[in-house]
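Novice: With our numbering applied, the sequence shown corresponds to residues 42 to 399, in that order.
The structure under discussion is supplied below as structure tokens; questions concerning it will follow.
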Amino acid sequence: MKMTLRWFGNDFDSVPLWKIRQIPGVEGVISTLYGIPAGEVWEREQIHALKEEIEDAGLKLLGIESVNVHDSIKAATPERDRHIENYIKTLEALGKEGIDLVCYNFMPVFDWTRSDLAKMRADGSTVLSYDQDEIDKINPDEMFENIDKKSNGFVLPGWEPERMAKIKELFALYKGINNEKLFENLVYFLNAIMPTCEKYGIKMAIHPDDPAWPVFGLPRIMTCKENLLRLVNEVKSPCNGITLCTGSLGSNPENDLEDIIKSLKGRIHFAHIRNLKHHSKGKFEEAAHLSSDGSFDMLKIVKAFYDSGFDGVVRPDHGRAIWGEVALPGYGLYDRALGAVYLNGLWEAVSKLSGEGR
Ligand code: DNO
Numbered sequence: 042m043k044m045t046l047r048w049f050g051n052d053f054d055s056v057p058l059w060k061i062r063q064i065p066g067v068e069g070v071i072s073t074l075y076g077i078p079a080g081e082v083w084e085r086e087q088i089h090a091l092k093e094e095i096e097d098a099g100l101k102l103l104g105i106e107s108v109n110v111h112d113s114i115k116a117a118t119p120e121r122d123r124h125i126e127n128y129i130k131t132l133e134a135l136g137k138e139g140i141d142l143v144c145y146n147f148m149p150v151f152d153w154t155r156s157d158l159a160k161m162r163a164d165g166s167t168v169l170s171y172d173q174d175e176i177d178k179i180n181p182d183e184m185f186e187n188i189d190k191k192s193n194g195f196v197l198p199g200w201e202p203e204r205m206a207k208i209k210e211l212f213a214l215y216k217g218i219n220n221e222k223l224f225e226n227l228v229y230f231l232n233a234i235m236p237t238c239e240k241y242g243i244k245m246a247i248h249p250d251d252p253a254w255p256v257f258g259l260p261r262i263m264t265c266k267e268n269l270l271r272l273v274n275e276v277k278s279p280c281n282g283i284t285l286c287t288g289s290l291g292s293n294p295e296n297d298l299e300d301i302i303k304s305l306k307g308r309i310h311f312a313h314i315r316n317l318k319h320h321s322k323g324k325f326e327e328a329a330h331l332s333s334d335g336s337f338d339m340l341k342i343v344k345a346f347y348d349s350g351f352d353g354v355v356r357p358d359h360g361r362a363i364w365g366e367v368a369l370p371g372y373g374l375y376d377r378a379l380g381a382v383y384l385n386g387l388w389e390a391v392s393k394l395s396g397e398g399r
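Below you can see the structure in the form of structure tokens.
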């Protein structure tokens, strides 16, 4: 297992690389060219510069999160093939730079959604939280404003202003697209890019929908074991895989995380491991990574990864805001560092107790 932290680049992140380098057991980062809008081609020189900057800090660039997929591809508009060509050019540039892992999502309009980015907890820390009743009261047009106001002045992944400026057009684009059609569009996209991925050995890792159910009447498909399995069986190339995000899939308590991990054996290319606390149906808050702070048994989750032979890239996910840190909500240094160390501890225990020491 390779432990990483997500890093948004010097212009966007409050956490410098040298601090990440000092977290024990963290080998590398997962990063992106954050400033490039979805649909545009990434130049090889830009990727090279990013990689060099990370390597100069003594870390490795172990994957990209995300190369965002343009809405024309998700909605199958006439421009989709042009945008797929651009995506392929980006993959070629990444492949030439030796990058072999790309995380992306296929959620229409919005990426992950939360009703509060700074919910106060009893210990004074704040966390991201979700309450379906609150979301039901919000008009999707106001959603961006709500999120933007509480983002501490940072650009949040999936909530880039240029995307949100077109929210009405975006909603119109998805009229008439149901889950089945969206799935078909995803398969079309994957079939088109797989030859390039295979040529360069790039593993595509789709991120589950967060939360794992339709929001604002938009279709959502990467929500449960059945659909994840359907996708890996439909596009059989080993380059087509999953980002197993425990927090996203676990937002629906009916998802049995250990079972999902085991059933996707060999097709999990990237893992986001975090905990959250359920309150009632459609209502949860994020928690510290530690099992006792949330609703998940993190030891069982890590063991399920281990037992299914997973040996890929992992990152702790959203952390709480603690110790007065001001950062991108969910992406401060302190709580994610605690998470990384805790997850490494669980992995060491599981692997030594198994007698293999993998
Ligand atoms: C949220 C993240 C997502 C994820 C994308 C992948 O914090 O987990 O924004 O990066 O959905 O494309």
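For each residue, glycine too, the CB sits at the ideal point set by N, CA and C.
For GLY291, tell me which candidate among PHE311, PRO279, TRP254 has the shortest Cα-Cα distance.
Specialist: By one-based count along the sequence shown, residue 291 stands at place 250. Minimum Cα distance to GLY291 is reached at TRP254.
Novice: How far does the beta strand (DSSP E) with ILE314 in it extend, from its first residue to its last?
Specialist: Here residue 314 is taken as the residue at index 273 of the sequence shown, counted from 1. Unbroken beta strand (DSSP E) run through ILE314: 309-314.
Novice: Which residue from GLY217, ILE179, TRP153 puts its Cα closest to that of LEU169?
Specialist: Residue numbering aside, residue 169 sits at position 128 when the sequence shown is read from its first letter. The option with the nearest alpha carbon to LEU169 is TRP153.
Novice: So, under 8 Å CB-CB, GLN63 and LEU74 are touching, yes? Tell me the CB distance rounded to an integer number of Å.
Specialist: As a working note, residue 63 is residue 22 in the sequence shown. As a working note, residue 74 is residue 33 in the sequence shown. GLN63 to LEU74, Cβ: 25 Å. No contact.
Novice: When the Cα atoms are used, what is the spatial distance from VAL367 to GLU275?
Specialist: In the sequence shown, the residue the question calls residue 367 occupies position 326. In the sequence shown, the residue the question calls residue 275 occupies position 234. In a straight line, the C-alpha of VAL367 is about 43 Å away from that of GLU275.
Novice: By Cβ distance, which residues of its chain are closer than 8 Å to TYR241, with the 5 residues on each side in sequence left out?
Specialist: The count along the sequence shown starts at 1 and reaches residue 241 at position 200. Hits under 8 Å: LEU132, GLU133, LEU135, GLY136, LYS137, ASP141.
Novice: So if DSSP puts ILE247 in a beta bridge, which residue, or which two residues, is it bridged to?
Specialist: In the sequence shown, counting from the first residue as 1, residue 247 sits at position 206. Beta-bridge pairing links ILE247 to TYR145, ILE283.
Novice: With a floor of 3 residues, list each beta strand (DSSP E) that falls wholly inside the region 94-156, ordered by position along the chain.
Specialist: Whole beta strand (DSSP E) segments, 3+ residues: 101-106, 142-146.
Novice: Could you tell me the distance, in whole angstroms, from the CA atom of ALA117 to the CA atom of SER107?
Specialist: Start at 1 with the first residue of the sequence shown, and residue 117 comes out as number 76. Start at 1 with the first residue of the sequence shown, and residue 107 comes out as number 66. Their Cα atoms are separated by approximately 20 Å.
Novice: In chain order, what residues of the same chain have a beta carbon less than 7 Å from the beta carbon of SER156, not counting five sequence neighbours either side?
Specialist: Residue 156 sits at position 115 when you count from the first residue of the sequence shown. Result list for SER156: SER170, TYR171, ASP172, GLU175, ILE176, in chain order.
Novice: Report all residues from its chain with a CB closer than 7 Å to the CB of LYS115; omit the five preceding and five following residues, and keep chain order.
Specialist: Counting from 1 along the sequence shown, the entry for residue 115 is found at position 74. The residues are PHE147, PRO149, LEU223, ASN226.
Novice: Quick check for students: name the residue ranges of the alpha helix (DSSP H) that lie wholly in the region 290-359, counting only runs of 4 or more.
Specialist: Correct list: 298-304, 339-348.
Novice: Please name the residue or residues paired with LEU46 in a DSSP beta bridge.
Specialist: Reading the sequence shown from its first residue, position 5 is the one you call residue 46. Paired residues: VAL70.
Novice: Ends of the beta strand (DSSP E) at TYR171?
Specialist: By 1-based counting over the sequence shown, the position of residue 171 is 130. Note, TYR171: beta strand (DSSP E), 167-172.
Novice: On the DSSP letters alone, give me the boundaries of the alpha helix (DSSP H) that SER392 sits inside.
Specialist: Within the sequence shown, the letter at position 351 stands for residue 392. Note, SER392: alpha helix (DSSP H), 375-394.
Novice: Measure from the alpha carbon of ASN127 to the alpha carbon of each residue in GLU94, MET161, ARG85, then state which is nearest.
Specialist: Here residue 127 is taken as the residue at index 86 of the sequence shown, counted from 1. Closest option to ASN127, Cα to Cα, is ARG85.
Novice: What does the Cβ neighbour count give for GLU326, buried or exposed, with the cut at 16 atoms within 10 Å?
Specialist: Taking the first residue of the sequence shown as 1, we reach residue 326 at position 285. Classification for GLU326: buried.
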